[in-house]
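Novice:
In full-length UniProt numbering, the protein residues as written are 1 to 256.
#1: Drop a sphere of 10 angstroms on the beta-carbon of residue 139, count the other beta-carbons inside from all chains shown, and report buried for 16 or more, exposed for fewer.
#2: What are the start and end residues of each continuous beta strand (DSSP E) run of 3 or more residues lying completely inside the region 165–205, in chain order?
#3: Here's the rule I'm using: 16 or more other beta-carbon atoms within 10 Å means buried, otherwise exposed. How should residue 274 be labelled?
#4: Write down the C-beta distance between residue 66 and residue 132 rounded to the nearest angstrom, noting that I regard them as a contact closer than 8 Å.
#5: Going by the CB atoms, is the gap between residue 72 and residue 57 shorter than 8 Å?
#6: Classify residue 79 as buried or exposed, calling it buried when 16 or more other Cβ atoms lie within 10 Å of its own Cβ.
#7: Contact check, residue 181 vs residue 154 under 8 Å by CB: the rounded distance?
#8: For the beta strand (DSSP E) that contains residue 257, what are its first and last residues?
#9: At 3 residues or longer, and completely inside the UniProt domain "FAD-binding FR-type" (7–109): list those beta strand (DSSP E) runs for me, N to C.
#10: What separation, rounded to the nearest whole angstrom, lies between the Cα atoms of residue 89 and residue 214?
#11: Between residue 117 and residue 149, what straight-line distance do the alpha-carbon atoms span, to the nearest angstrom?
#12: Helix or strand or just coil, what does DSSP make of residue 214?
#13: Note the first and the last residue of the continuous beta strand (DSSP E) segment covering residue 150.
#14: Would you call the region 36–52 and the region 97–115 in contact, with 3 or more CB pairs under 8 Å?
#15: What does the alpha-carbon distance come out to for the pair residue 9 and residue 35?
Take a look at the structure:
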C-alpha cells in the first residue's frame, strides 16, 4: 500500500521579479534543492493582511526552470482583485515566501504516448510548463517534430522571446513556434484565436505539419475556453483525451 505523500512548506528567497507587462511577471526564487519533473507545479504561499486580519494565501504555479537549474522561475499574471497575485507582484529581491514540496502534476512527457509529432498549445501563462519541458533533453530525443503555439491578446505579451529563438536556432528542422495574437496586428505570426487558425488551416500551414490522430499528440495548457474549444475541434479529427487506462491524443492543464 502506497503511503500518503504530505505537503511540506519551505522558505524561499526572492531573487528578482521581472515585469514583462503591467500584468505579466516572472518571479525568480532560491530555496533548498527542489526535485521535480519538467511540467509539474508547486504552490506558493504568503501571509496577506486585509483590514487588520492576516491569512495565509496559497496558489499553484508551474515551474519554468528545468529540473537541473538551481533558480526556480514562475511565470504569472496579476488577477484583478487576486490577493496572492497582487501580493506576489509587490515582492522585491530579498523578500521571502513559502513554497510547497513535493512538486505535483501529470502534465509531463512521461505521461505522453509514443508518437512522432508533439504540439504544445498555450494561452497566456500556460506557456510556462512547456518552457521547462523544452529545456530538457527528453522532447528532442523523443519527437520528430515539436510545435509550440502561444496565444495572447497583445504582441508584448509574447514572453521569453530570447529563449524561444534560441530553441529555434538549436533545432531548426525539429522545432516550430507560432504566435497567435488576437487584439492587434502580428507581423511575425498569426492573427486571431488559436482555434480560428486551426479551423482555417493557417495553424498547420505555418507549422509545416499536420495534427492527426495517427501520429500526433496535443498538449493544451491555458484558459478553459481554449481547452474546451480545442477539444471539440480535435474530436472532429478522432482525437480524444489521453488517460492512463484509456490511451488518447490530448493532454490538458487548465489555467484560470
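Glycine residues also receive a C-beta, built at the ideal position from the N, C-alpha and C atoms. If you're wondering where the values come from, they're calculated on a predicted model, not measured in any experiment.
Specialist: Concretely, from the data shown:
#1: For the purposes of this step, residue 139 is identified with residue 139 of the chain shown, where counting begins at 1. With 16 or more other Cβ atoms within 10 Å, it is buried.
#2: 175–181
#3: Summary: the structure shown does not reach residue 274, with the chain confined to residues 1 through 256, and so no result is reported for it.
#4: Against the chain shown, residue 66 aligns to sequence position 66. Against the chain shown, residue 132 aligns to sequence position 132. About 6 Å; that satisfies the 8 Å criterion.
#5: Locating residue 57 in the chain shown gives position 57, where the first residue counts as 1. Locating residue 72 in the chain shown gives position 72, where the first residue counts as 1. Taking 8 Å as the Cβ cut-off, residue 57 and residue 72 do not qualify as a contacting pair.
#6: Along the chain shown, read from residue 1 onward, the residue named residue 79 stands at position 79. By the 10 Å Cβ count, residue 79 comes out exposed.
#7: Position 181 of the chain shown, counting from 1, holds the residue named residue 181. Position 154 of the chain shown, counting from 1, holds the residue named residue 154. Their Cβ separation, rounded to whole angstroms, is 7 Å, which keeps residue 181 and residue 154 in contact under 8 Å.
#8: Because residue 257 is not part of the residues shown, which for the chain are 1 to 256, the question remains open.
#9: 8–19, 24–30, 41–50, 53–62, 72–77 and 96–101
#10: Residue 89 sits at position 89 when you count from the first residue of the chain shown. Residue 214 sits at position 214 when you count from the first residue of the chain shown. Their Cα atoms are separated by approximately 44 Å.
#11: Here the question's residue 117 lines up with position 117 in the chain shown. Here the question's residue 149 lines up with position 149 in the chain shown. Taking the straight line from one Cα to the other gives about 14 Å.
#12: The sequence position of residue 214 within the chain shown is 214, counting from 1. The answer is coil: DSSP assigns residue 214 none of H, G, I, E or B.
#13: Counting from one through the chain shown, the residue named residue 150 turns up at place 150. Residues 145–152.
#14: yes
#15: The residue given as residue 9 occupies position 9 in the chain shown. The residue given as residue 35 occupies position 35 in the chain shown. Their backbone Cα atoms lie some 14 Å apart in a straight line.
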